[in-house]
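Written out below as C-alpha cells is the structure these notes cover.
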Amino acid sequence: MSQSKSRLSQLFQFSIAVIAFFSFIALGFWQLDRAAQVAELQKPYEEQPLIALSKVSKPNSNLPGESVNRIVEFSGSYVAQFDAPNQINSKGVRETWLVGLMEVDGGGYILVVRSNSNSDLPRGDIVVTGRLFHRQYEDLSDRSEGRLSRLDPSLLVGDYPGDYYDGFVLANSELRDGFSLEVPRALLDPAAPTIPGYYWQHIAYVVIWWLMALVVVFLPIYSRFREREGRAK
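Everything in the sequence shown is counted per the working numbering, starting at 157 for the first residue and increasing by one.
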C-alpha cells in the first residue's frame, strides 16, 4: 500500500514537473516571438497598395490592427460637418480639423478628416481616398454643437443613429463627378504600431523562462542524488 502511494506521489510530481517544464519553454518562445515583432516594428514603414474600405473594415466592428494605416477608397454622401480642435499634425502643431460624417455607399457612417481650414461641405456623391486610423480615446477639447472633442464615431451615434465604421479616415483626395476637390489637407504621419517592452527586455525574459525550465529538470535529479548520498552514509 505504501509503495502504491509512493508511486502515485512520484507520478504526480513528475506530471507537475513536465507541465511546468513545457509551460516555461512555451513562455520563452512567446517572448522570443514578441522580440521578433519589436524588431520588425523598428523597420521603416512600407506603404501598402490602395484597397477598398469594405475589404479591411466593417460597420459595427472594431478596426483590425492590420487595417490601421491602410490607404482606402470609398464613396458616399456627406451628411454633416464638424470642427475638431487641438488636433496635432505631423509637425507637432495644434490645429482645428474639418471633419465630415459620410454615409458610405453600401451602408454605414464614417468620419473623414477633410481639411485643416474652413471649407463648405460638398454635396452629391463623393469618392474619398485616405489613410485609415484608430479612433481617438482622449478628449482634446470641450464638446459642443458642431464641435467634436475627439475623433470618435461613438460621439455621434445619438444624433445620427445607424451603423458606424470604427476609426476615421484622413482624406488625401476627394472626387466629385471625376473632378478633384481642392482644399488644404491635414497632414498626419502613419500611426506607429506598438508592442509593450523593448527588444532586449523580451530577450531577457526568454533567458529567464528557459532557465526556469532547466531548474525544473535539475531539481528532481538533484533531490534523488541527495537521497542516494544520504542512504550511502
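Even for Gly, the Cβ is constructed at its ideal location relative to N, Cα and C.
So residue i and residue j are in contact, right, with Cβ under 8 Å, and what is the actual spacing, rounded?
i           : j           : result
residue 286 : residue 228 : 7 Å
residue 324 : residue 267 : 4 Å
residue 307 : residue 255 : 7 Å
residue 299 : residue 311 : 7 Å
Helix, strand or coil for residue i per DSSP?
i           : result
residue 363 : helix
residue 184 : helix
residue 351 : Any reading at residue 351 is ruled out, since the residue's pLDDT is 49, under 50, leaving its predicted position unreliable.
residue 287 : strand
residue 179 : helix
residue 223 : helix
residue 308 : coil
Short of 6 Å in beta carbon distance, which residues of its chain neighbour residue i, apart from the five on each side in sequence? Order them along the chain.
i           : result
residue 264 : 215, 319 and 321
residue 261 : 231 and 232
residue 253 : 240, 243, 269, 272 and 342
residue 237 : 256 and 277
residue 297 : 241, 242 and 305
Got a sec: is the Cβ-Cβ distance from residue i to anything in chain B below 8 Å?
i           : result
residue 325 : Given the protein chain composition of this structure (a single chain), no chain B is represented.
Kindly indicate the opening and closing residues of the alpha helix (DSSP H) around residue i.
i           : result
residue 210 : 209-212
How far does the beta strand (DSSP E) with residue i in it extend, from its first residue to its last?
i           : result
residue 242 : 227-244
residue 218 : Taken as a continuous stretch (DSSP letters only), residue 218 belongs to no beta strand (DSSP E), as it is neither H nor E.
residue 322 : 320-332
residue 313 : Premise fails: residue 313 is in no beta strand (DSSP E) and is neither H nor E.
In the DSSP assignment, what residue or residues form a beta bridge with residue i?
i           : result
residue 266 : 258
residue 253 : 240
residue 271 : 254
residue 303 : 239 and 300
residue 336 : 331
residue 282 : 232
Take residue i and list the residues in its own chain whose beta-carbon comes closer than 7 Å to its own, dropping the five residues that flank it on each side.
i           : result
residue 377 : none
residue 173 : 372 and 376
residue 382 : none
Skipping 5 residues on each side, what residues in its chain have a beta carbon closer than 8 Å to that of residue i?
i           : result
residue 336 : 329 and 330
residue 274 : 254
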